[in-house]
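Asks:
Numbering (this note's numbering), first residue to last: 43 to 239.
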């Protein structure tokens, strides 16, 4: 039953993408799925609205290039950029001791300023401070306050260092597995997390 629902959702998504640009708004088209009538127009409108919100959110980011890394940040997180560069150098050095010298390729690092957006990226990891997505080789970090989480003299100042080094190591680990043609499914998640710590 669950597989049928998933297939229905996939088919509905494909139909929406197919007709998204050629819909005649004068006619109401209904798509029947799981005994429910779903307005394709409403779904398309929701997709368009979501796309607008993402663009509005992304428009507030600036970019900085540092070696093989593109860093997306806002005015609020700009004060930590030089510290981020130092942490990236440390992460590269530490990882070369573990994995040897090789190019892990480009990495994007995005400092989310919206906690709700950050948590929606992967709802199953709601308590995480950072996330790495190997698909797009991007690290996402939520930093509420760059002064408290990175620039103060208290224990919280280690937050950024810890999160960035951890997520960077995930990137290098996956690239190492890929380079050496090692099936990531044969590596226990606990082992990966331990190495990243």
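Built from N, CA and C at the ideal position, the CB exists for glycine as well.
#1: Looking at C-alpha atoms only, which residue of 200, 147, 195 is the closest neighbour of residue 178?
#2: Compare the C-alpha of residue 154 against each of 105, 217, 193 and name the closest.
#3: Determine the DSSP secondary structure at residue 134, reduced to helix, strand or coil.
#4: With DSSP collapsed to three states, give me the class of residue 221.
#5: Reducing DSSP to helix, strand and coil, say where residue 154 ends up.
#6: List the endpoints of the continuous beta strand (DSSP E) containing residue 107.
#7: Looking at the secondary structure, which residues open and close the alpha helix (DSSP H) in which residue 236 lies?
#8: Whose CA, out of 237, 184, 185, 141, lies closest to the CA of residue 218?
#9: Measuring only the C-alpha atoms, how far is residue 107 from residue 120?
#10: Given a threshold of 16 other Cβ atoms within 10 Å of its Cβ, counted over all protein chains shown, does residue 133 qualify as buried or as exposed?
#11: I'd like the list of long-range same chain contacts for residue 160, defined as Cβ closer than 7 Å, with 5 residues on each side in sequence excluded.
#12: So what does DSSP say about residue 211, is it helix, strand or coil?
#13: DSSP three-state call for residue 111: helix, strand or coil?
#14: Taking the alpha-carbon positions, what's the residue 129 to residue 207 distance?
#15: Assuming contact is defined by CB atoms lying nearer than 7 Å, are residue 150 and residue 116 in contact in what I supplied?
#16: Residue range of the beta strand (DSSP E) that residue 261 falls in?
Replies: With the structure as the only source:
#1: Numbered from its first residue, the chain shown carries residue 178 at position 136. Of the listed residues, the one whose Cα sits closest to residue 178 is 147.
#2: Position 112 of the chain shown, counted from the start, is the residue given in the question as residue 154. Ranking 105, 217, 193 by Cα distance to residue 154 puts 105 first.
#3: Residue numbering aside, residue 134 sits at position 92 when the chain shown is read from its first letter. Residue state, collapsed to three classes: helix.
#4: One-based indexing of the chain shown puts residue 221 at position 179. Residue state, collapsed to three classes: helix.
#5: Locating residue 154 in the chain shown gives position 112, counting from the first residue. Strand at residue 154.
#6: Residue mapping note: residue 107 aligns to position 65 of the chain shown, counting from 1. Boundaries of the beta strand (DSSP E) around residue 107: 104–108.
#7: Here residue 236 corresponds to residue number 194 of the chain shown, with the count starting at 1. From DSSP, the alpha helix (DSSP H) with residue 236 extends over 231–238.
#8: Locating residue 218 in the chain shown gives position 176, where the first residue counts as 1. Nearest in C-alpha terms to residue 218, of all of 237, 184, 185, 141, is 141.
#9: Counted from its first residue, the chain shown places residue 107 at position 65. Counted from its first residue, the chain shown places residue 120 at position 78. Computed Cα separation, rounded: 13 Å.
#10: In the chain shown, residue 133 corresponds to position 91, counting from 1. Answer is buried; the Cβ neighbour count reaches 16.
#11: Here residue 160 corresponds to residue number 118 of the chain shown, with the count starting at 1. Same-chain partners within the cutoff: 154, 182, 184.
#12: Position 169 of the chain shown holds residue 211. Residue state, collapsed to three classes: helix.
#13: Residue mapping note: residue 111 aligns to position 69 of the chain shown, counting from 1. In the three-state scheme derived from DSSP, where H, G and I count as helix and E and B as strand, residue 111 is classed as strand.
#14: If you number the chain shown from 1, residue 129 lands on position 87. If you number the chain shown from 1, residue 207 lands on position 165. Distance between the alpha carbons of residue 129 and residue 207 is about 7 Å.
#15: To locate residue 150, count along the chain shown from 1; it is residue 108. To locate residue 116, count along the chain shown from 1; it is residue 74. No, the pair does not count as a contact, with Cβ atoms beyond the cut-off.
#16: It is not possible to answer for residue 261, since the shown part of the chain is limited to 43 through 239.
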